[in-house]
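Heads up, the thing below is written out as structure tokens.
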Amino acid sequence: MTIFLSPLALRASGSSWPFWTSYLSHFVNADGRVIDPDRNNMTTSEGQSYAMFFALVGNDEGSFERIRAWTESNLSHGSLASNLPSWSWGQGGDGGWRVLDSNSAADADLWIAYSLLQAGRLWQKPAYTASGKGLLSKIAQLEVATLPGAIPALMPGRVELFSSSGHWVINASYSPLPLLFAAAQAEPQGPWRKMALSLPELLHEGSSAGFAMDWVADTDGFFSATMNPGDLSHPPCGSYDAIRVYLWAGMTDRETPGAEKILQIFSPMAKWMSANAVPPEIVSPEGRILSRSGPVGFSAALVPFLLSSENQSAAKAQLQRIRADTDSATLLLGKRPRYYDQNLALFALGWQEQRFRFAANGELRVRWQN
């Protein structure tokens, strides 16, 4: 049986962020495991990584430590500093609960390292800082490839799984610009600054029509949209992964090198949203809208992007859609709250409400810090 924290325990957690507290009560159990009800109650390293970040933004040290400890014990063989987390954990065919896939997910790894480093600084916890630096080094060692032109790039997981002779597969949503610059601060000798400076060009070449793509391939120095390597049944497109590219772009400080260029690259999306009430769910590499029915989480993800693109009216329309879809009883999006929608909205609305900001060097700024 899954046990969640009681309302009293949640109120005692110290967080003053109602949305985060509601998310905790619905998606995070008492052990610190983030649960996706739509995927057979599975847990992913992505979910753990995002929850650590939200707990930090909410100044919720107790929840942060529970989530961190569960992740370390169950996904990282007891040490986040030494082992990349396995990406999925859940119920096996025999009914037992365990790691389902021991491969790593580089985006989650980067978010975990970032949250540990920022938590160590903000809460003055040297152990978190050391763990974050250790994990960051493992990411650089195992999940960063060197592309033609000596350009480092974050692979979706271990390099050997996403590369072959002259060919690499990349997920652009795995590399938020602020996290790359923050990694460069923590590990100056690492590949991070060069990776951050090359990101706008990667996004430009891989999203030639001005709409972000889920997956991009580099073949001998030429970028183009490609199919999901784990599901070759669908053509290349921009959809549930790519929506995070806009989210990260919108939350990035405008003084960050490359930030303005990325907003310009995706100006066709900002223009499309000026004339349409709902974000597209699926976009072709040529910029054709294949499905107009983007879920409410997409609306949330685009709010920072639209605000940073100075498209106030479109941002206001998306905020109105979010308010209309918020359940007053749970404070979550939708009568049947979906895990991914809530995560996108926690990032977007936390930023929009100025609960956090990323500095130009990627460092996290939080409201409770002052």
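Quick note on numbering: the sequence shown equals residues 2 to 371 in the working numbering. C-beta atoms are modelled at their ideal positions from N, C-alpha and C, and glycine is treated no differently.
Item	Value
Find out if the Cβ-Cβ distance for the pair S46, S87 is shorter than 8 angstroms.	yes
Hey, M196 and L155 are a contact pair by Cβ (cut 8 angstroms); roughly how many whole angstroms apart?	7 angstroms
Express the C-alpha separation of P286 and Q370 in angstroms, rounding to a whole number.	42 angstroms
Count the other CB atoms within 10 Å of the CB of L233; is the residue buried (16 or more) or exposed (fewer)?	exposed
Which residues share a DSSP beta bridge with I171?	V217
Mark E73 as exposed unless 16 or more other C-beta atoms lie within 10 angstroms of its C-beta, in which case mark it buried.	buried
Can you give me the Cβ contacts of L11 inside the same chain, cut-off strictly under 7 angstroms, excluding the 5 residues immediately before and after it?	Below a pLDDT of 50, predicted positions are generally treated as unreliable, and L11, at 47, falls in that range; the measurement from the model is reported next regardless. Taken in chain order, the residues that qualify are T22, L25 and S26.
Can you tell which of S64, F54 and N41 has the C-alpha that lies nearest to the C-alpha of W90?	N41
What are the partner residues of Q92, as DSSP defines its beta bridges?	W98
Report the residue from S176, G259 and A187 whose alpha carbon sits nearest the alpha carbon of D242.	S176
In or out: P1 buried (at least 16 other Cβ within 10 Å) or exposed?	The structure shown does not extend to residue 1, since the chain spans only 2 to 371, so no value can be given for it.
Name the one or two DSSP bridge partners that T327 has.	L334
Locate the beta strand (DSSP E) running through S292, then write down its first and last residues.	I290 to S292
Which residues in the same chain as Q1 place their Cβ atom closer than 8 angstroms to its Cβ, once the five residues preceding and following it in sequence are excluded?	Given a span of 2 to 371 for the chain in the structure shown, any question on residue 1 remains unanswerable.
From this set, R368, L248 and K272, which residue's C-alpha is nearest N344's C-alpha?	L248
Please look up how many angstroms separate the CB atoms of P157 and A107, rounded, as I've assumed it's under 8 angstroms.	6 angstroms
In terms of residues, what are the limits of the alpha helix (DSSP H) holding S50?	S46 to V58
Could I get the ranges of all uninterrupted beta strand (DSSP E) runs contained in the region 236-308, with 3 residues as the minimum, in chain order?	290-292
Roughly how many whole angstroms lie between the Cα atoms of L203 and T253?	17 angstroms
Who pairs with T72 in a beta bridge, going by DSSP?	Paired residue(s): none; T72 is not in a bridge.
Quick check: I171 and D219, are their CB atoms within less than 8 angstroms of each other?	yes
Just confirm the distance between the C-beta atoms of F212 and G288, as a whole number of angstroms; I'd bet it's less than 8 angstroms.	5 angstroms
From K336 to D328, what distance separates their C-alpha atoms?	6 angstroms
Helix or strand or just coil, what does DSSP make of I152?	strand
Is it true that the CB of P179 sits closer than 8 angstroms to the CB of G363?	yes
Is I68 closer than 8 angstroms to A82 when the C-beta atoms are compared?	no
Distance, Cα to Cα, R366 vs A250?	17 angstroms
In the DSSP assignment, the beta strand (DSSP E) including A226 goes from what residue to what residue?	F223 to A226
Following the continuous alpha helix (DSSP H) through L162, name the residue where it begins and the one where it ends.	Element bounds for L162: n/a, residue is neither H nor E.
On a Cα-Cα basis, can you pick out the residue from G150, Q265 and T257 that is closest to H205?	Q265
Let me check understanding here. Comparing Cα to Cα, which of N229, Y129, K272 and R194 lies closest to T257?	R194
Name the residue from A120, S165, G191 and M228 whose alpha carbon lies nearest to the alpha carbon of D221.	S165
Beta carbon of Q119, beta carbon of L57: below 8 angstroms?	yes
Looking at the unbroken alpha helix (DSSP H) that takes in R368, where does it start and where does it end?	Neither: R368 is in no alpha helix (DSSP H) and is coded neither H nor E.
In terms of residue numbering, what span does the beta strand (DSSP E) encompassing F212 cover?	No beta strand (DSSP E) holds F212; DSSP gives it neither H nor E.
Given a cut-off of 8 angstroms on the beta-carbon distance, is the pair F375 and Y340 in contact?	Any question about residue 375 goes unanswered here, given that the chain covers just 2 to 371.
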